[in-house]
Amino acid sequence: MDCVFCAVVAGTEPAHRVLDDGSAVAFLDRRPLFPGHVLVVPRAHHPTLADLPPAEVGPFFLRVQRVAAAVELGMGAAGSFVAANNRISQSVPHLHVHVVPRNPKDGLRGFFWPRGKYPDEAGAAEVAGRLRAALAPVAPVAPVAPPEGPAGGPTGGPAGP
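Next up, the structure:
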């Protein structure tokens with residue numbers, strides 16, 4: 001398998017998984033900005049966000065949203081940074097979203113950030129476990145219904161038949 005993220009999804013490449021379901025796999029970045037830095041990837045190989053089929057965008061980003069909440073909760077972070085590169089600075093050509101725990105005065109400035117390593121496998125496993133535990137109270141978010149227009153129907157259309 002040429003794509004390392006496809007290998008992670010398939011289970012042939014080791015990774016500290018935080019989430020694994022029918023839409024996405026989330027796992028610890030091997031060179032984290034901070035402990036708890038997670039990558040969220042769609043299960044199917046899509047090189048960039050533009051390549052992700054429209055029907056998969058919502059389900060995928062619901063997982064990103066859930067992981068972001070879990071990263072903040074599990075790592076005791078004041079916030080998070082959520083970002084994806086498309087081609088430029090994209091080290092692996094498989095869509096992936098970075099979710100990084102952030103705190104005031106954490107030392108990150110701009111986009112030139114030093115990368116670190118987990119001290120050992122046990123340290124990485126402990127952080128992955130904390131994040132998996134933090135996912136439990138972070139319920140999946142239900143899709144939002146379109147807003148209703150003035151006539152009681154969907155915006156831009158009639159109220160009904």
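By the working numbering, the letter at position 99 of the sequence shown is numbered 99, and the numbering carries on one by one without gaps.
Just so you know, even glycine gets a beta-carbon here, dropped at the ideal spot from N, CA and C.
Just so we're clear, the structure is a prediction, and the values are computed from it rather than from any experiment.
Backbone secondary structure at residue i - three-state DSSP
{"i": "ASP20", "result": "strand"}
{"i": "VAL61", "result": "First, the amino acid is wrong: residue 61 is Phe here, not Val. Reduced to three states, the DSSP call for PHE61 is helix."}
{"i": "ARG130", "result": "helix"}
{"i": "ARG102", "result": "strand"}
{"i": "LEU42", "result": "The sequence shown places Pro at residue 42, rather than the Leu named in the question. Residue state, collapsed to three classes: strand."}
{"i": "LEU33", "result": "coil"}
CB-CB length for residue i against residue j, believed under 8 Å
{"i": "ALA24", "j": "ARG43", "result": "6 Å"}
{"i": "VAL38", "j": "ASP29", "result": "7 Å"}
{"i": "VAL127", "j": "GLY58", "result": "Contact flag wrong, Cβ pair sits at about 28 Å."}
{"i": "ARG63", "j": "GLY79", "result": "The Cβ separation is near 19 Å, so there is no contact."}
{"i": "ALA83", "j": "LEU131", "result": "Rounded, the Cβ-Cβ distance is 18 Å, inconsistent with contact."}
{"i": "PRO100", "j": "LEU33", "result": "It is Val, not Pro, that sits at residue 100 in the sequence shown. VAL100 to LEU33, Cβ: 5 Å. Contact."}
{"i": "ARG31", "j": "LEU135", "result": "Contact doesn't hold; Cβ gap of about 23 Å is too wide."}
{"i": "HIS187", "j": "CYS3", "result": "The displayed coordinates of the chain run from 1 to 161. Any statement about residue 187 would go beyond what the structure contains."}
Cβ neighbours of residue i in the same chain (closer than 8 Å, five flanking residues each side left out)
{"i": "ASP51", "result": "LEU95"}
{"i": "CYS6", "result": "HIS45, HIS94"}
Cut-off 7 Å between Cβ atoms - residues of its own chain near residue i, not counting five sequence neighbours on either side
{"i": "VAL9", "result": "VAL25, VAL41, ARG43"}
{"i": "THR48", "result": "ASN86, ARG87, LEU95"}
Other residues of its chain near residue i: CB distance less than 6 Å, five sequence neighbours each side excluded
{"i": "GLU72", "result": "SER80"}
{"i": "ALA15", "result": "VAL8, PHE27"}
{"i": "MET75", "result": "GLY36, PRO101"}
Please list the segments of the beta strand (DSSP E) lying wholly inside the segment 68-93, counting only runs of 3 or more residues, in order along the chain. Listed in chain order, the beta strand (DSSP E) runs fully inside the segment 68-93 are 79-83, counting runs of at least 3 residues.
Would the segment 120-131 count as touching the segment 89-98 if we require 3 or more Cβ pairs under 8 Å? By the Cβ test, the segment 120-131 is not in contact with the segment 89-98, since fewer than three Cβ pairs between them sit closer than 8 Å.
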